[in-house]
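Undergrad: Got a structure for you, questions after.
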Amino acid sequence: MGAALADQIERLGLNDLHESLGAKMVPFAGYLMPIQYAAGVMKEHLHTRSAAGLFDVSHMGQVVLRPKAGMEALCLALEALMPVDVLGLAAGRQRYGLFTNETGGILDDLMFANREDHLFLVVNAACKQADVAHLRLHLSHVSQIEFIQDRALLALQGPKAEMVLERLIPQVRTLRFMDVGVFGEAWVSRSGYTGEDGFEISLPQSRASYWAEQLIQAPEVLPIGLGARDSLRLEAGLCLYGHDLTEHTSPVEAGLSWALQKSRREGGARPAGFPGHERILNEITRGPERMRVGLRPEGRAPMREGTLLFHPDGTPLGEVTSGGFGPSEGAPLAMGYVPVAFSAPGTLLMGEVRGKHLPVAVAPLPFHPTHYKR
Amino acid sequence: MKYTKDHEWLRVEGDLVVVGITEHAATALGDVVFVELPEVETMVAEGDEICVIESVKAASDILAPVDGEIVEINDKLVDNPGLVNTDPTGAAWFFKLRLDDLAVLDAFMDEDEYADMIG
Chain B
548 MGAALADQIE RLGLNDLHES LGAKMVPFAG YLMPIQYAAG VMKEHLHTRS
598 AAGLFDVSHM GQVVLRPKAG MEALCLALEA LMPVDVLGLA AGRQRYGLFT
648 NETGGILDDL MFANREDHLF LVVNAACKQA DVAHLRLHLS HVSQIEFIQD
698 RALLALQGPK AEMVLERLIP QVRTLRFMDV GVFGEAWVSR SGYTGEDGFE
748 ISLPQSRASY WAEQLIQAPE VLPIGLGARD SLRLEAGLCL YGHDLTEHTS
798 PVEAGLSWAL QKSRREGGAR PAGFPGHERI LNEITRGPER MRVGLRPEGR
848 APMREGTLLF HPDGTPLGEV TSGGFGPSEG APLAMGYVPV AFSAPGTLLM
898 GEVRGKHLPV AVAPLPFHPT HYKR
Chain W
4 MKYTKDHEWL RVEGDLVVVG ITEHAATALG DVVFVELPEV ETMVAEGDEI
54 CVIESVKAAS DILAPVDGEI VEINDKLVDN PGLVNTDPTG AAWFFKLRLD
104 DLAVLDAFMD EDEYADMIG
């Protein structure tokens, strides 16, 4: 890596802790991030599923939207950017959202929470500058847009996450999936990106090392890098922006219609009125041309991102957008896009790996059962 | 034992050369989940990509270290790719090559030279 490039890679607040834990650090979205620790991706993945894993996701963007003229005006303005019901989200709750563009593609996917007198957003690292610019352009008349730069973000995931976190914050046991709460300096949501129960915890940067050390000292907890984060979310059937979702992918194609509440659809209380609503609502009614599907290669060879997909007769059908090995499934797994006619589970396709067409079956998502505390 | 700059080890066994990857390479690759081996009786030339190793992180190749004929492959790796991590210099050999002349191995690094290279 050249010196000029290295200069552009930022170190996050917990860098020293990662290195002391044996992390292998790699550049990701402009930051030096732990791809794995001493245990390795496989053990980290399995440990998260059986006990608890601590992830540093401080590279993600945290944004507070503070209304200038009431929450309702803010929620309605945000609804003009997303095909999602913002106004109907109760205080203390979080919801999955998507910024769309005029052609119905996805600019970013995000979590947004109603914290009574303001909204709190968590957006993808690679999109955060553009997202904040987008919010400033469209929401400044109704909201202050506070791009939070002085808070870290940790995720504690796995069946023992509640047991561990309640030693530090007893109230977290009262949270259910997608609830949020502010407990002193910790902003907590019961959510994550692994398919397991767990929490995401926003903390003042100056206090993040203390919290991370407290959590990592628990015998149930291992530090988990981006490698296992990716295999965990793949098994859970969750999309990765820039790969499974892009500015050309519509939410309907992506299988995210569940995130488009009735109130924003035709016949709902506040239908349309978001970028790309013509395409998106049309696809809800008539069905999209192609769909995101789960894919299970029949052999052991992983089918990674970019693997071309074919009909057994050789006709090109689409490609893999995320793929690798699922440690809990003990098998290669992938997701990709194919025409709707070939999207039913059980459909046999071929994936081109190193010049050879290998069989791969369309499979239901998620690959691995999720364990949210609803 | 001899070593290549591509992190393969070469061990003479009778008139054959046994080939595998070093512990350093196995650690760098991470958990290996897939191994594809060449066919027995294949003639290979130095630098040919003859095996595929995929870890949870990425795919990489094993190159033929010298010209020769593949005379035996380690099928155990296909069913148990994790052997590459647990016993890279023992049970996880990849293939055995027959060479015209074993003297070509003299050009490769010995253990000390390889240790210097990986620092």
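Residue numbers (my numbering), protein chains in the order written: chain B, 548 to 921; chain W, 4 to 122.
Yeah, the Cβ is synthetic: ideal placement off N, Cα and C, and Gly gets one too.
(1) Would you list the residues sitting across from B:Leu769 in a DSSP beta bridge?
(2) Among the residues of its own chain, which have a CB less than 8 Å from the CB of B:Pro863, if the five just before and after it don't count?
(3) Establish whether the CB of W:Lys99 and some CB of chain B are separated by less than 8 Å.
(4) Determine the chain B residues that contact W:Glu57 at a beta-carbon separation under 8 Å, and present them in chain order.
(5) In whole angstroms, give me the CA-to-CA distance for B:Gln555 and B:Pro766.
(6) What residues of chain D sit near B:Ser778, judged by a beta carbon separation below 9 Å?
(7) If we call anything under 8 Å between Cβ atoms a contact, is W:Val22 one with W:Leu13?
(8) Taking the continuous alpha helix (DSSP H) assigned at B:Cys622, which residues delimit it?
(9) Assuming W:Glu57 contacts B:Ala848 under a Cβ cut-off of 8 Å, what Cβ separation, rounded to an integer in Å, is found between them?
(10) For the stretch 887-912 of chain B, list every residue whose C-beta sits within 8 Å of some C-beta in chain W, in sequence order.
(11) So, does the CB of B:Ala551 fall closer than 8 Å to a CB anywhere in chain W?
(12) Note the first and the last residue of the continuous beta strand (DSSP E) segment covering B:His665.
(13) State the start and end residues of the unbroken beta strand (DSSP E) segment that holds B:Trp758.
(14) Per DSSP, B:Glu876 is paired with what?
(15) Can we say the stretch 794-807 of chain B touches the stretch 819-839 of chain B, given the rule of at least three CB pairs closer than 8 Å?
(16) Any residues in the stretch 580-595 of chain B with a beta carbon nearer than 9 Å to a beta carbon of chain W? Which ones, in chain order?
(17) I need the straight-line Cα distance from B:Tyr884 to B:Arg839, nearest angstrom please.
(18) Considering only C-alpha positions, which residue in the set W:Asn83, W:Glu72, W:Met120 is nearest to W:Glu42?
(19) How would you label B:Lys675, buried or exposed, when you count the other beta carbons within 10 angstroms and need 16 or more for buried?
(20) For B:His904, write down the residues that DSSP places opposite it in a beta bridge.
(21) With DSSP as the reference, please indicate the residues paired to B:Met882 in a beta bridge.
(22) Closer than 7 Å by C-beta to W:Val81: which residues in its own chain qualify, once you throw out the five before and the five after it? Chain order, please.
(23) Taking the runs of the beta strand (DSSP E) that are 3 residues or longer, which of them lie wholly in the stretch 38-68 of chain W?
(24) Shorter than 8 Å from the beta carbon of W:Asp34 to some beta carbon of chain B?
(25) Checking 8 Å against the spacing of the C-beta atoms, do W:Thr7 and W:Phe98 come in under that value?
(26) Taking the CB atoms as reference points, tell me whether B:Gly789 and B:Ala673 lie closer together than 8 Å.
(27) Candidates B:Asp777, B:Leu561, B:Gly731, B:Gly853: which alpha carbon is nearest B:Pro874's?
(28) Take B:Met897 as the anchor and find which of B:Ile716, B:Pro906, B:Leu628 has the nearest alpha-carbon.
(29) For B:Gly861, which of B:Gly834, B:Glu663, B:Lys903 has the nearest alpha-carbon?
(30) Let me check understanding here. Comparing Cα to Cα, which of B:Ala881, B:Pro879, B:Thr894, B:Gly877 lies closest to B:Pro859?
(31) In whole angstroms, what separates the C-alpha of W:Glu52 from that of W:Asp64?
(32) Alpha carbon to alpha carbon, how far is B:Phe575 from B:Ala550? Give it in angstroms, no decimals.
(33) Determine contact between the stretch 573-587 of chain B and the stretch 682-695 of chain B, defined as no fewer than three beta-carbon pairs at a distance below 8 Å.
(34) From B:Glu852 to W:Asp104, what does the alpha carbon distance come to, in whole angstroms?
(35) What are the boundary residues of the beta strand (DSSP E) that B:Met572 is part of?
(36) By the 7 Å beta-carbon criterion, what residues does the stretch 772-802 of chain B contribute toward chain W?
TA: In brief:
(1) DSSP, once it has assigned bridges, lists B:Gly600 as partnering B:Leu769.
(2) Around B:Pro863: Leu855, Leu856, Phe857.
(3) Chain B, which has no Cβ nearer than 8 Å to the Cβ of W:Lys99, makes this no.
(4) Going along chain B in sequence order, the residues near W:Glu57 (Cβ under 8 Å) are Ala848, Pro849, Phe872.
(5) Using only the alpha carbons, I get a separation of about 36 Å.
(6) Absence of chain D from the displayed structure is noted, the protein chains being B and W.
(7) Yes. Within cutoff.
(8) Its alpha helix (DSSP H) spans residues 618-626.
(9) Taking a contact as a CB-CB distance under 8 Å, the pair W:Glu57 and B:Ala848 counts as one, their CB atoms being some 7 Å apart.
(10) Within the stretch 887-912 of chain B, the residues whose Cβ lies closer than 8 Å to some Cβ of chain W are Arg901, listed in chain order.
(11) Only weak support is given to the placement of B:Ala551: the predicted model assigns it a pLDDT of 44, under 50, and the value that follows is read from those uncertain coordinates. Cβ-Cβ to chain W under 8 Å: no for B:Ala551.
(12) Neither: B:His665 is in no beta strand (DSSP E) and is coded neither H nor E.
(13) Note, B:Trp758: premise wrong, no beta strand (DSSP E); alpha helix (DSSP H) at 752-764.
(14) None, per the DSSP bridge assignment.
(15) Counting Cβ pairs under 8 Å, three or more are found: they touch.
(16) Of all residues in the stretch 580-595 of chain B, Ile582, Gln583, Gly587, Val588, Met589, Lys590, His592 have a Cβ within less than 9 Å of some Cβ in chain W.
(17) Distance between the alpha carbons of B:Tyr884 and B:Arg839: 4 Å.
(18) W:Glu42 has its Cα closest to that of W:Glu72, out of W:Asn83, W:Glu72, W:Met120.
(19) By the C-beta density criterion, B:Lys675 is buried, having at least 16 other C-beta atoms within 10 angstroms.
(20) Note: B:His904 sits in a beta bridge opposite B:Glu899.
(21) Checking the DSSP bridge columns, you'll see B:Met882 partnered with B:Gly841, B:Ser869.
(22) The residues are Val38, Leu40.
(23) As far as the stretch 38-68 of chain W is concerned, its whole beta strand (DSSP E) runs of at least 3 residues are 52-58, 62-66.
(24) Closer than 8 Å: yes.
(25) For the pair W:Thr7 and W:Phe98, the CB atoms are not nearer than the 8 Å cut-off.
(26) Yes, the pair counts as a contact, with Cβ atoms nearer than the cut-off.
(27) Checking every option, the nearest Cα to that of B:Pro874 belongs to B:Asp777.
(28) Closest by alpha carbon: B:Pro906.
(29) The residue with the shortest Cα to Cα distance from B:Gly861 is B:Lys903.
(30) Nearest of B:Ala881, B:Pro879, B:Thr894, B:Gly877 to B:Pro859, Cα basis: B:Thr894.
(31) If I take the Cα positions, the gap works out to 6 Å.
(32) Because B:Ala550 sits at a pLDDT of 41, beneath the cut-off of 50, its placement in the model cannot be relied upon, and the following sentence gives the value as read from the coordinates. Cα to Cα, B:Ala550 sits roughly 17 Å from B:Phe575.
(33) The answer is no - the stretch 682-695 of chain B does not touch the stretch 573-587 of chain B, with fewer than three Cβ pairs under 8 Å.
(34) Between the C-alpha atoms of B:Glu852 and W:Asp104 there is a straight-line separation of about 42 Å.
(35) In the DSSP assignment, B:Met572 falls within the unbroken beta strand (DSSP E) covering 571-575.
(36) The stretch 772-802 of chain B vs chain W, Cβ under 7 Å: Gly774, Ser778.
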